[in-house]
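J.:
Protein chains in written order, with our numbering: chain A, 1 to 475; chain B, 1 to 475; chain C, 1 to 475.
#1: Please report the straight-line C-alpha distance between residue 1(C) and residue 410(A), rounded to a whole angstrom.
#2: Quick one: any contact between the stretch 338–358 of chain C and the stretch 51–59 of chain A, if contact means 3 or more CB pairs under 8 Å?
#3: Answer yes or no: does any C-beta atom of chain B fall closer than 9 Å to that of residue 413(A)?
#4: Please report the straight-line C-alpha distance between residue 339(B) and residue 371(B), rounded to a whole angstrom.
#5: Can the beta-carbon of residue 308(B) be found closer than 9 Å to that of residue 329(B)?
#6: Of the residues that make up the stretch 362–385 of chain A, which ones have a beta carbon closer than 9 Å to any beta carbon in chain C?
#7: In chain order, what residues of the same chain lie with their CB nearer than 8 Å to the CB of residue 381(B), ignoring the 5 residues before and after it?
#8: Considering only residues of the same chain and omitting the five flanking positions on each side of residue 84(C), which have a CB-CB separation below 7 Å?
#9: Applying a beta-carbon distance threshold of less than 8 Å, which residues of chain A neighbour residue 342(C)?
#10: Along chain A, which residues have their Cβ under 9 Å away from the Cβ of residue 292(C)?
#11: Between residue 330(B) and chain A, is the shortest Cβ-Cβ distance under 9 Å, so that the two count as touching?
#12: Would you call residue 211(B) buried or exposed, if buried means 16 or more other Cβ atoms sit within 10 Å of its Cβ?
#13: Are residue 161(A) and residue 117(A) close, meaning C-beta to C-beta below 9 Å?
#14: For residue 295(B), collect the residues of the same chain with a Cβ closer than 8 Å to its Cβ; drop the 5 residues on either side in sequence, then sort them by chain order.
#15: At least one CB of chain C closer than 9 Å to the CB of residue 12(A): is that the case?
#16: Exposed or buried, residue 231(B), counting other C-beta atoms within 10 Å across all chains shown (16 or more means buried)?
#17: Can a CB atom of chain B be found closer than 9 Å to the CB of residue 107(C)?
#18: Are the CB atoms of residue 165(B) and residue 471(B) within a distance shorter than 9 Å?
#19: Within this structure, are the beta carbons of residue 433(B) and residue 157(B) separated by less than 9 Å?
#20: Can you tell me whether residue 276(C) is buried or exposed, with buried defined as 16 or more other CB within 10 angstroms of its CB?
#21: CA-CA distance, residue 415(A) and residue 460(A)?
#22: Between the stretch 108–139 of chain B and chain A, which residues of the former have CB atoms less than 8 Å from a CB of the latter, in chain order?
#23: Does residue 409(C) come within less than 9 Å of chain B when only Cβ atoms are used?
#24: Should residue 9(B) go down as buried or exposed, given a rule of 16 or more other Cβ atoms within 10 Å for buried?
#25: Which of helix, strand or coil does DSSP assign to residue 36(A)?
#26: Please state whether DSSP places residue 241(C) in a helix, a strand or coil.
#27: Applying the criterion that 16 or more other CB atoms from any shown protein chain within 10 Å of the CB defines a buried residue, is residue 407(B) buried or exposed?
#28: Three or more beta-carbon pairs under 8 Å between the stretch 39–47 of chain B and the stretch 71–82 of chain B, yes or no?
#29: Should residue 23(A) be flagged as near chain C, meaning a C-beta pair shorter than 9 Å?
#30: What does the alpha-carbon distance come out to for the pair residue 95(A) and residue 298(C)?
#31: Check whether the Cβ atoms of residue 112(B) and residue 321(B) lie closer than 9 Å to each other.
#32: Residue 403(C) versus chain A: which residues are under 7 Å apart at the beta carbon?
#33: Is it true that the CB of residue 302(A) sits closer than 9 Å to the CB of residue 270(A)?
#34: Name the residues in the stretch 344–362 of chain B whose C-beta lies less than 8 Å from a C-beta of chain F; which are they?
#35: Quick one: using the 10 Å Cβ neighbour count with 16 as the cut-off for buried, is residue 45(A) buried or exposed?
#36: Going straight from the alpha carbon of residue 435(C) to that of residue 445(B), what length do you get?
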């Protein structure tokens, strides 16, 4: 028997103890086949609109996935050799990059990236061998052959993956043409919704702030020379997103601070920012005010606000200059929510239509801040682990940290946050297995009744995020 | 068989693995029947003095317990409907509130509140059904009927709960009349001791600082116009508490900072504070100095000092205005002890009679700061998990974080910190189960000998906190 | 059968579940007999040069080990009674101190110190009893008798322990005479390498900064009156260490900040520091620049840079005055790496010969900062748990926190960091057991293939740290 043989184990990520595992299997079994609701991610909607076949294994699995490229980079592989920051690779280059992954595959042992890819290899492509230098070419050919088939085109996979809702992430000025076209396409039944991501428009220290404000004004058909017009333009664009299916706005700044300036002060600082001569501290104050404005608008238009703060973006300047953003050089920093969010939560925290989901990669705030906030404010939800902590042990730490204060009901439900389309089912499956793991342990320790856990998992994977993100019932 | 049937499992919170569970049962068995020593909490001593029957299930279980009300609030229930911040509920209102809890009961799955209440339902009230909309009225009637019986009056329960010592939390100006009356009452054998909580008298930025200083002076019979008199009045009131059974003082400020100002400087800032015109930074400096004074007094009078810092109190101003404090809107913030406590620990940290117990809801300091401090200073003890982390997984995290540096001997013993009288045995029982769980795992992994664990648990629940809080031997 | 009987269990620290334990035994078995590579520690090289017998159990196990003395101190024992900060103890004093340890031995249950000592008692000295007041004299005599035998002299133990490499920690001005003598000694086959530890030379705020700069200049034969000469002298001394086997430099400051000043500015501040009149903020800026200089030198000379920041040293001034440093009064503080290291990592983070190992006792940075940095920069490695967290549960927390981002390959390998020579094998053995524990759990949960785990452990204990610390292949 070849040691190359490998398929993911059906009990992977479930508890080892037989008594607990039996409960976990039961709970997982109730979730496994539920549809996928993905309320936050980074898949390009054109992928589904154009339905163009994926070209090759490397451009599918390696180049666009900074979880994968960063570890190869840390192990000495050049990002250039992986196709990062350049046009399409030739067949020889793509095959070479694939071989590099195979060569370093063992270093991925225990990482979610490997677990996701192994899931995809098997579940999507029917592979029953482990990736290695010996099998690299065979697997490359196997996947490439499949990719050429019609049933591996994006829309077919979307259907096969049982994705009901897929949210994209979009610029406030985006015309949402792909979303509109998809919605109008009788041949596509899925729900692909835009997400309003205004980060850069809320950063008054940016050198291009004036141009961004202009662009926003143009998109909204409103003069944004002053603060009032800027605000109105934001409101208009948010409504445009909402009209085209958008349910949420997404925000990521250096910290989670919010503040309310007097309107005149906001207008004064806005003018300085537009003129490119705002002082750094004032730029921070204005940014916090503008974020508080978004919360106020959210209380009006009902778009769910999600916060992902505190990342040192593009930590290595030369890499950014050469390869651009999102190549693995964004590093988390410490965060605090309690004081920073007080202005917004005092303003709209009890408003019926306001909703705020807090994400973190600083795990210290789960039990200390996020669960206590979500355990008091009806508007606040504890976001699922994200990015560096979207991983088995971290997900279990999250559940253990927040559940004792807020159970499951005040949590957001799973967020895949991915630009790797094929990994979506693998990620959701992992999340379901780990929730089953966590709940089964609570049941086995007689901390939760099996009936309660079983009832919970009926709605946990799909219906619950639909409710949190105001996506309505299942279609 | 009705699915309504439910009693807490005798092995709840113990490890699942049969080999480990057997050890845990053995260790828990040695602790289960030991008396309760509760050196820190918030029960009103008048409850025991007057021995008035509890009126109804809602005012017993829901209204006063912000652990319970906050999650209902987060799920959209109005605090007013739960009786928070208002006078007694009518029978119909109380029953309605009880129904709301029943309706949301599933959302409490996995929270300690539910585990505690289920313990109380069964152990105190003999209930063998699960709370649900279907059983809500039946359970309400069941509990209400019991509450009318003499054996459910507070003193009878105190006896039945095997409480030996119960500490209350009291204002420095309190005349401790209930404590004195209880001590003098031949019909009451329990020990109910006051705790000196001077927080607001140590906050020079408060607008009512002068009135508070006046009140303190009046209570002590000392002129507190100046810093020296204020200090002397504090000393006198501490001794008053000690004379009436007090063993500790409790402190909770925005941070754990301490500092020693020159006496003249302290006097100068005190005068400014009294005049209502102290600068914010000076108010912080004086607060830290006054806290350091408390430590110095503690080294003299031997009262154990407990520190619970770093909570953003009354995070939502409107809720505070409408419902008052302690309704679930206090949110923890990050804390650090090492630099802030250096002045006090250099001053009195090696003094024979000084003792300082450090509590936190910022779990990051357990392994980083608290255990190292308690592992060097004979005066410092690592306080038990508290508030948001007084919960199964968090308690296990605590033991795992501190035990490897300081074992069990430098920890405070369990603190229930509750105003929910009936939950006291449930909370202590949970703590004992979890210590059994932690120790059994160490034994099963051959990290601790069974003999050592067995010897430890003989003194852990009752004798150990008696020693830490200088409560003397068992009566 | 006497309850005194005790030997460490062969399965200690392995998982309890039989299925997982079998896998862990298999993995541990592959590591247990591998040689020891110790790239960072504090053993005095003269111990091996002189090969003087250890005198007595107390001076071997208690006096020099602040892990042991600190807990006794916290429990009320005077450091003086343990021989700390004084000359050799008399036989009676040493026996008395040993009796104190025996008396408090139960309080060490669950601490790594006890596990290490029990390992040493049994594996090195053949003891099969537990330490207690009843057995204290017997064990003392037993160990003392063994210590007089030739096979218990340091060199014999070095051989018996299978230590291949032992790094010491040394002052930049050290002449490394013991290292040179050992290397030249045909009767000693081990590799004892120095480590360059320039901390105090990089602290411009020190009152003795000028003298230190002078001493450095003298050692290097270079005029260090100015910044340029000082820098050159550093470079020269680093090369001297490298020539005599040194592979790394070690750094521990109050924080992990680095910065690059303009050269003229650095020269100007250096002159002020030398003159003893540098402002505190400037001293911090210069220290960060000097640390960044070390990184730049490391990129040139290839010495591996290790960072152990954020400890409040000598927290209790009086204890420091009486007993000196390293007696258990160093307390960790919170740390952050991301912004502070950006200057250095932008400067040399992608340089081929630069290597930076990040250690922490603030566990919050494992998943948040260290793994993400080590998962992008080829130069950065996640250092093993150290000091207060060099303990079973903490080591498992570390593996669980970093492995999901960087697997095992971007971690440093185990560091014993000890001055307790006899504890070296016990510490490495514990580390191997815990890695087996962690990996076996991943295998049992079908997250890592047994083949991959088995391949990993072949190189994990010895070859991997050799590679990270550039120590070459096995001899």
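Note that CB positions come from ideal geometry on N, CA and C, so glycine has one too.
T.: This is what the structure holds:
#1: In this predicted model, residue 1(C) has a pLDDT of only 43, less than 50, meaning its place in the structure is not dependable enough to derive any value.
#2: no
#3: no
#4: 15 Å
#5: no
#6: 362, 363 and 364
#7: 355, 356, 357, 358, 374, 410, 411, 412 and 468
#8: 63, 69, 323 and 327
#9: 312 and 315
#10: Result: empty, since nearest Cβ-Cβ is about 15 Å, beyond 9 Å.
#11: yes
#12: exposed
#13: no
#14: 258, 305, 344, 347, 348, 354 and 356
#15: yes
#16: buried
#17: yes
#18: yes
#19: no
#20: exposed
#21: 12 Å
#22: 108, 109, 110, 111, 112, 115 and 130
#23: no
#24: exposed
#25: strand
#26: helix
#27: buried
#28: no
#29: no
#30: 36 Å
#31: no
#32: 110
#33: no
#34: You won't find chain F in this structure, because its protein chains are A, B and C.
#35: buried
#36: 15 Å
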